[in-house]
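Working notes, beginning with the structure itself.
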Amino acid sequence: MEILLYYFVLFFFGFLLLSKYRLVKKWKLPPSPLALPIIGHLYLFKNPLYRTLADISNRYGPILLLRFGSRPVLLVSSPSAAEECLTTNDILFANRPRLLAGKYIGYNYLSIGSASYGNHWRNLRRISSLEIFSTNRLQMFSRSRTNEVRSMILRLASSGTKEVDMKLMFFELTLNMIMMMVAGKRYYGENVEEESEKTRRLNDIVTETFYLSAATHIGDYMPALRWVGFNRLQERLMRLHQKRDEFMQELIEEHKKMKTDDSFISSSSSESGERKKTLIDVLLSLQEAEPEYHTDDIIKSLVLVDFFSSLLPFTNSGVGLYIYTIYSFRYRWNQIANLI
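Going by UniProt numbering, 186 is the number at position 186 of the sequence shown; the sequence numbering is gapless.
This is the structure we're talking about:
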């Protein structure tokens with residue numbers, strides 16, 4: 001029995017090596033470190049992931065084929081190869097794997113960050129380019145951003161010599177800027193109740209989204225295990241989706257009410273006599289023109305793309321930009337102090 005088992009294991013590993021050799025020869029695949037059966041290269045990974053990937057690249061080369069369980073992953077650390085992947089052959093790499101986070105955080109793969117390449121993705125990209133990240137939209141709210149920066153500087157000046165958490169202040173500043181563009185609301189600073197229920201809800205949503213979007217589910221790499229019962233991560237993602245959905249739906253309903261409430265519009269109008277259109281206003285206008293496609297879920301997914309892409313500097317991946325922002329702010333602050 002033991003001899004039979006020995007030959008079976010030997011045959012199994014020999015079959016794997018032969019299959020890998022034929023696959024590499026046929027498709028001209030990049031080199032790959034030794035992979036274990038079933039788990040692939042997952043045994044190589046340690047936190048933080050980016051350091052592990054950098055070590056693997058330094059050890060084995062700039063272009064590698066890895067396997068996260070059953071998922072093939074191309075690791076590229078060469079600038080020229082990365083440019084070729086993301087520009088020349090960008091359509092070949094445009095699809096996204098259907099991860100568990102995309103189901104709950106990406107509105108069942110409706111968002112631009114989780115949708116596969118196709119007509120839907122191209123339409124979302126067009127709307128994002130024209131309505132969310134366009135120069136005109138950024139310019140429209142330039143005065144609001146200036147007011148937010150001025151408000152933060154005044155708060156810093158009033159704090160005197162007290163120790164200040166600059167990361168928290170930049171975080172609140174960014175959230176205020178984003179929410180003014182998205183919904184025309186401020187959640188921090190002057191004339192705002194600091195510990196209001198909506199502020200706490202927003203803080204919880206932002207914190208949990210960044211934490212859970214980086215979490216790993218075993219079913220993402222071994223699909224056969226995805227349906228083997230619920231785990232804690234999936235339950236947390238479901239609760240987070242419910243929180244985000246309720247919060248965004250409230251904002252959408254408020255804006256729908258604004259569009260039919262002339263008294264509210266006149267009381268909140270700007271100096272030019274017209275209330276500035278927020279991102280939700282623009283997306284609701286698209287919904288009126290094409291209600292079958294621009295559903296509330298599409299609107300919420302687009303708003304959340306704008307929201308969380310603007311907060312990336314406050315994650316670990318954006319620490320360099322955050323440090324640059326601090327030094328840039330210090331330089332501007334010194335200029336203002338000299339003028340005072």
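We put the CB at the ideal spot given by N, CA and C, even for glycine.
Rounded separation between H255 and G184 - CA only
10 Å
Look up R201 in the DSSP assignment and say whether it is helix, strand or coil.
helix
When you compare the stretch 70 to 77 with the stretch 199 to 211, are there three or more beta-carbon pairs, one atom per stretch, that lie closer than 8 Å?
Cβ pair count under 8 Å is below three, so no.
Closest by CA to F308, which one among Q234, L175 and F68?
L175
Check whether the Cβ atoms of I112 and V303 sit closer than 7 Å, and answer yes or no.
no
Going straight from the alpha carbon of N108 to that of R98, what length do you get?
Taking the CA atoms as reference points, N108 sits about 9 Å from R98.
At what residues does the alpha helix (DSSP H) containing V305 begin and finish?
D296 to S309
Note down the Cα distance separating D296 from E246, rounded to an integer number of angstroms.
12 Å
Taking buried to mean at least 16 other C-beta atoms within 10 Å of its own C-beta, is Y187 buried or exposed?
buried
Contact between the stretch 85 to 103 and the stretch 41 to 52: three or more CB pairs below 8 Å?
Flag = no, the stretch 85 to 103 and the stretch 41 to 52 do not touch.
Among A94, K198 and I252, nearest to G118 - alpha-carbon criterion
A94
Using the Cα positions of R122 and Q287, report the straight-line distance between them to the nearest angstrom.
17 Å
I63 - containing beta strand (DSSP E), residue span:
Per DSSP, I63 belongs to the beta strand (DSSP E) from I63 to F68.
Minimum length 4: unbroken alpha helix (DSSP H) runs contained in the stretch 231 to 263
232 to 260
Alpha-carbon spacing of E253 relative to N58, whole angstroms:
52 Å
Near C85, which residues of its chain fall below 7 Å by C-beta distance, leaving aside the five closest residues on each side in sequence?
Contacts found: V76 and F93.
For H217, which residues of its own chain have a beta-carbon under 6 Å away from its beta-carbon, when the five flanking residues on both sides are left out?
L100 and L233
For the alpha helix (DSSP H) containing L124, list its first residue and its last residue.
N119 to I127
Could you give the distance in angstroms between the alpha-carbon of I205 and the alpha-carbon of M169?
The alpha-carbon atoms of I205 and M169 are separated by roughly 18 Å.
Determine the closest residue to L29 out of R67, L138, S159 and L156, with distance taken between C-alpha atoms.
Residue R67 holds the alpha-carbon nearest to the alpha-carbon of L29 among R67, L138, S159 and L156.
For G299 versus L283, is the C-beta distance shorter than 7 Å?
Per the sequence shown, the amino acid found at residue 299 is Ile instead of Gly. For I299 and L283, yes; Cβs fall inside 7 Å.
Contiguous beta strand (DSSP E) assignments of at least 3 residues, all confined to the stretch 137 to 194
Unbroken beta strand (DSSP E) stretches of 3 residues or longer found wholly inside the stretch 137 to 194: none.
My assumption, with CB atoms under 8 Å, is that M177 sits in contact with R155. Please give the rounded CB distance.
With a Cβ gap of about 15 Å, M177 and R155 do not count as contacting.
Closest Cα partner of N203 within the set L240, G219, R226 and S134
The option with the nearest alpha carbon to N203 is L240.
Less than 7 Å separating the beta-carbons of M152 and L173?
yes
How many angstroms separate the CA atom of K243 from the CA atom of E250?
11 Å
Identify whether L34 lies in helix, strand or coil by the three-state DSSP scheme.
Of the three classes helix, strand and coil, the one that applies to L34 here is coil, per DSSP.
In whole angstroms, what is the alpha-carbon distance linking P31 and P72?
13 Å
For I38 and V182, the rounded distance between their alpha carbons
45 Å
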